[in-house]
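One structure is given here, and the rest of the page talks about it.
In full-length UniProt numbering, the protein residues as written are 1 to 195.
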């Protein structure tokens, strides 16, 4: 897929996030894009082979997505993050520590809920890959799927319902918001004492 198509898809994602009232992200492998620090995002892009000339722009766009949860009337965000993500080194130990601290800051926001999916829970639909459910007050939710080179929006009611059912299962196995914050704090403490 060429860059113009990627730009169109990104513009569409930014638009639906800007119009949303509810954002739910299931991210088993990485910190969700909406919650990534600049250096964490840069670490992913550098390791992923993004051309150096594009990294700064892509990082700025990724950080710009946060407007959806930081604006005057912010969207509600529920982020389900795989436990392994907390220990997956991206960039450097310092970058990971900053990223985990950022998660705790966001967890303090009234409109943000962070829940860790424990590794011991066994299979759940998030293991099939990350997905986002974007909700609106005035129309049906949209599912967003993203991979290395493209994104896909699902609008059909039966497709959206399939992902809503998948989300139900993820919610069943995820830790509570309080337990998730405790776990993230424990990982930070462990990293601080070993670095």
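Backbone N, C-alpha and C fix where the C-beta goes; we use that ideal spot for every residue, glycine too.
From which residue to which residue does the beta strand (DSSP E) around residue i run?
i: residue 183; result: No beta strand (DSSP E) holds residue 183; the alpha helix (DSSP H) holding it covers 177-194.
i: residue 132; result: 131-135
i: residue 25; result: 22-27
What are the partner residues of residue i, as DSSP defines its beta bridges?
i: residue 152; result: 145
i: residue 116; result: 81
i: residue 109; result: Answer is none; residue 109 lacks a bridge partner.
i: residue 76; result: 22
Using C-beta distances below 8 Å, list every residue in its chain close to residue i, excluding the 5 sequence neighbours before and after it, in chain order.
i: residue 177; result: 107, 113, 114 and 115
i: residue 159; result: 143
i: residue 50; result: 58
i: residue 95; result: 37, 39, 40 and 43
i: residue 105; result: none
Which residues bound the alpha helix (DSSP H) around residue i?
i: residue 171; result: 157-173
i: residue 31; result: Per DSSP, residue 31 belongs to no alpha helix (DSSP H) and is neither H nor E.
i: residue 64; result: 52-64
i: residue 44; result: 38-47
i: residue 69; result: 67-70
Quick one: residues in its chain with C-beta nearer than 6 Å to the C-beta of residue i, no 5 flanking neighbours on either side, listed in chain order?
i: residue 82; result: 28 and 117
i: residue 97; result: 191
i: residue 200; result: The chain is shown from 1 up to 195; residue 200 falls before or after that span and cannot be answered.
Near residue i, what residues of its chain come up, given a Cβ to Cβ distance below 7 Å and the 5 sequence neighbours on each side ignored?
i: residue 141; result: 133, 134, 135 and 160
i: residue 170; result: 26, 80, 117, 124, 125 and 126
i: residue 72; result: none
Q | the stretch 17-35 touching the stretch 73-92, judged by at least three CB pairs closer than 8 Å | A | Touching, per the Cβ criterion.
Q: Kindly confirm or deny that the stretch 22-31 and the stretch 117-137 touch, where touching means at least three C-beta pairs closer than 8 Å.
A: yes
Q) Any contact of the stretch 154-170 with the stretch 123-141, i.e. 3+ C-beta pairs under 8 Å? A) Touching, yes.
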